[in-house]
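Engineer: Chains as they are written, first to last, in this note's numbering: chain B, 1 to 303; chain U, 304 to 606.
Structure provided below as structure tokens; questions to follow.
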């Protein structure tokens, strides 16, 4: 396939995956009756519709390498998307980044209220673990326990929450971060969950350790490339293109590699990481072509 | 043993359990170096020291019925206490109950800041699942997956988070709640997690279904009795006795059974529930004496 054919195949596959993930989320966060409907509505607002579903797509494509059943993979994909959605809801809170717009919609604390947003995020996190731990996700409880363990590690104080703490401290600090510190911050804040998303399919498929490790390494480099690309977009794209406020890193004085290295060097680094990500897939053959195309897309996208 | 001897034995056992749970928490949330130290400090502030450790004690005593190893039981106890601690941190936030004092200490958003409190709560929830899912908690992955599943259900939108939503809506509502609605609110908000704490020991011990069910039922009735006793204390005790602000239910116009039924009928209902809780333990023999004493303590305590 040519590059443009590959890009087209990826676009189609990601759109299909996003639709399937939304269906899975609709079942895992059903519309509810009674007084608690407001909580379910806020969770659905945060989790369903919109978003590239990068993490969910990684789960589905990783799982496909090992012949994992689609329903099983979709539950894991939806779980990771719920975890990601919770992190966005809390990051957008007034006491955090104070954002009004997310995925082209009002943020949860704007559409509902602040207390409901805290609660909806909390409930989405619990629901993510519930989805992974239920027998429907995999017949083997060892697989379910391992999924829960790895998600908890990626989301906890040595993963996403730790990265968010570093980010908050960096904004308040007098000295700008150095390159290595920015790298560590982003590895924790967004990298660990993307890495787990790539690994989850291998866990579901009981892949041999070296293939599980290959997907992990792919996810790590892909996540780093995506993060730089996100920062490049924040610096150069419009809110209409991205569905969220842009230019906010510079406005907030946020430490990003784009700010530190400048646009051309940051772009070059993203390209290196994307190529490196694809190289980890050599043992997987043609079946991994969409994952290879995703690495190329990571740095070429405009949203 | 006489009633006062039983009460003394319970007091000693709870104090020992609280000390052991604090040690387990100290290992699960170790003091950290580097810039993320602030997040670990906030988590430790919230989770370590203070508190009756009712939930953790229930895990330990439930596990003892079935000969579960102490280290295993302590990890599960610490996990449930981390989950409980996270819920307190978020409930105390300015956008929720806006409390300054908890367990005799400043709340996390007072001792640190609001964003750190949101994040510390989030990280404590993730850490709770991590502790349950790690192989150190139980050699059998089916036990670990089941613990994660039940904790997630108790904590999620059909458990604690759902109850908190009902509580927020009740405060904002024009009409006071009816007795059945208050019961449902409290079952969700505090009951489900206490029920799971009582059940967790049976899961760890792979207890036969009828004994697991007995502990569940005990936990459910005990939790309901504890909640009414908490509301009675809020209405009648001083902050010095309880280590937190009191009289706040009435001040906030909160719907409680004490407010609806009056003190004597609420006290009578708590006593009925405590007796009913103890009755579920009949199949367990003398080994469950501390759990029986706990039901009596639930309604007699002053803090």
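All C-beta atoms, glycine included, are put in the ideal place defined by N, C-alpha and C.
All of these numbers come straight from a predicted model, not from anything done at the bench.
Distance cutoff 8 Å, beta carbons only. Does residue 519 (chain U) sit that close to anything in chain B?
Structural biologist: No, no contact with chain B.
Engineer: Is DSSP giving residue 342 (chain U) helix, strand or coil here?
Structural biologist: Three-state DSSP puts residue 342 (chain U) in a helix.
Engineer: Grab the span of the alpha helix (DSSP H) containing residue 407 (chain U) for me, first residue to last.
Structural biologist: Element bounds for residue 407 (chain U): n/a, residue is neither H nor E.
Engineer: Is the beta carbon of residue 458 (chain U) less than 8 Å from the beta carbon of residue 386 (chain U)?
Structural biologist: Yes, Cβ-Cβ distance for residue 458 (chain U) and residue 386 (chain U) is below 8 Å.
Engineer: Hey, how far is the Cα of residue 220 (chain B) from the Cα of residue 323 (chain U)?
Structural biologist: C-alpha separation (whole angstroms): 38 Å.
Engineer: Examine chain B for any beta-carbon lying closer than 8 Å to the beta-carbon of residue 425 (chain U), and answer yes or no.
Structural biologist: With 8 Å as the cut-off, residue 425 (chain U) counts as an interface residue toward chain B.
Engineer: Using Cβ-Cβ distances below 9 Å, what residues of the region 158-169 of chain B are close to chain U?
Structural biologist: Here the close residues are 158, 159, 160, 161, 162, 163, 164, 165, 166, 168 and 169.
Engineer: Quick one: is residue 388 (chain U) buried, meaning 16 or more other Cβ sit within 10 Å of its Cβ, or exposed?
Structural biologist: Classification for residue 388 (chain U): buried.
Engineer: Measuring CA to CA, which of U:361, U:391 and U:344 is closest to residue 519 (chain U)?
Structural biologist: Cα-wise, what sits closest to residue 519 (chain U) is U:361.
Engineer: Going by alpha carbons, who is nearest to residue 446 (chain U) out of U:492, U:503 and U:480?
Structural biologist: Nearest of U:492, U:503 and U:480 to residue 446 (chain U), Cα basis: U:503.
Engineer: Relative to the alpha-carbon of residue 364 (chain U), which residue among U:422, U:485 and U:506 has its alpha-carbon at the smallest distance?
Structural biologist: Residue U:506 is the option with its Cα nearest to residue 364 (chain U).
Engineer: For the 8 Å Cβ check, are there 3 or more pairs between the region 402-420 of chain U and the region 455-475 of chain U?
Structural biologist: No, because fewer than three Cβ pairs between the region 402-420 of chain U and the region 455-475 of chain U fall closer than 8 Å, the two stretches do not touch.
Engineer: Quick one: list the residues of chain U neighbouring residue 90 (chain B), beta-carbon separation under 7 Å, in chain order.
Structural biologist: Going along chain U in sequence order, the residues near residue 90 (chain B) (Cβ under 7 Å) are 421 and 425.
Engineer: Does DSSP put residue 90 (chain B) in a helix, a strand or coil?
Structural biologist: Helix, per DSSP.
Engineer: Does the Cβ-Cβ distance between residue 532 (chain U) and residue 494 (chain U) come in under 8 Å?
Structural biologist: No, Cβ-Cβ distance for residue 532 (chain U) and residue 494 (chain U) is not below 8 Å.
Engineer: Assign residue 57 (chain B) to one of three DSSP states: helix, strand, or coil.
Structural biologist: Correct three-state label for residue 57 (chain B): helix.
Engineer: At a CB-CB cut-off below 7 Å, which residues of chain B make contact with residue 437 (chain U)?
Structural biologist: 149, listed in chain order.
Engineer: Between the alpha carbons of residue 297 (chain B) and residue 461 (chain U), how many angstroms are there, rounded?
Structural biologist: The straight-line gap from Cα to Cα measures roughly 39 Å.
Engineer: Taking CB distances under 8 Å as the criterion, tell me whether residue 25 (chain B) reaches chain U.
Structural biologist: False, the Cβ-Cβ gap to chain U never drops below 8 Å.
Engineer: Between B:128, B:47 and B:79, which has its C-alpha nearest residue 102 (chain B)'s C-alpha?
Structural biologist: Minimum Cα distance to residue 102 (chain B) is reached at B:47.
Engineer: Only counting runs of 4 or more residues, tell me where the alpha helix (DSSP H) segments fall wholly within the region 155-200 of chain B, in order along the chain.
Structural biologist: If we require 4 residues or more, the alpha helix (DSSP H) runs fully inside the region 155-200 of chain B come out as 160-172 and 179-186.
Engineer: With distance defined between alpha-carbon atoms, name the residue in B:135, B:88 and B:113 nearest to residue 425 (chain U).
Structural biologist: Checking every option, the nearest Cα to that of residue 425 (chain U) belongs to B:88.
Engineer: Chain U beta carbons: is any one of them nearer than 8 Å to that of residue 39 (chain B)?
Structural biologist: True, the Cβ-Cβ gap to chain U drops below 8 Å.
Engineer: For the alpha helix (DSSP H) that residue 602 (chain U) lies in, which residues bound it at each end?
Structural biologist: Element bounds for residue 602 (chain U): 592-603.
Engineer: Would you verify that the beta carbon of residue 339 (chain U) is, or is not, closer than 8 Å to some beta carbon of chain B?
Structural biologist: Yes, residue 339 (chain U) counts as interfacial toward chain B.
Engineer: Excluding the 5 residues flanking residue 66 (chain B) on each side, which residues of the same chain have their C-beta closer than 6 Å to its C-beta?
Structural biologist: The answer, listed in chain order, is 205 and 207.
Engineer: Who are the near neighbours of residue 434 (chain U) in its chain, counting only those whose CB is closer than 8 Å to its CB and skipping five residues on each side?
Structural biologist: The residues are 331, 378, 379, 381, 382, 385 and 440.
Engineer: Output the distance between the C-alpha atoms of residue 333 (chain U) and residue 181 (chain B), rounded to the nearest integer angstrom.
Structural biologist: So the two alpha carbons sit approximately 22 Å from each other.
Engineer: Starting from residue 14 (chain B), trace the alpha helix (DSSP H) in both directions and tell me its first and last residue.
Structural biologist: Counting along the chain, the alpha helix (DSSP H) containing residue 14 (chain B) begins and ends at 3-28.
Engineer: With DSSP run on the structure shown, which of helix, strand or coil describes residue 432 (chain U)?
Structural biologist: Helix, per DSSP.
Engineer: Between residue 499 (chain U) and residue 453 (chain U), is the Cβ-Cβ spacing less than 8 Å?
Structural biologist: Yes, Cβ-Cβ distance for residue 499 (chain U) and residue 453 (chain U) is below 8 Å.
Engineer: Is there a C-beta anywhere in chain U that falls below 8 Å from the one on residue 82 (chain B)?
Structural biologist: Chain U, which has no Cβ nearer than 8 Å to the Cβ of residue 82 (chain B), makes this no.
Engineer: In this structure, how does DSSP classify residue 48 (chain B) when only helix, strand and coil are distinguished?
Structural biologist: It is coil, neither helix nor strand.
Engineer: I need the straight-line Cα distance from residue 145 (chain B) to residue 375 (chain U), nearest angstrom please.
Structural biologist: Answer to the nearest angstrom: the Cα atoms are 16 Å apart.
Engineer: Contact criterion: CB-CB distance below 8 Å. Does residue 396 (chain U) meet it with respect to chain B?
Structural biologist: True, the Cβ-Cβ gap to chain B drops below 8 Å.
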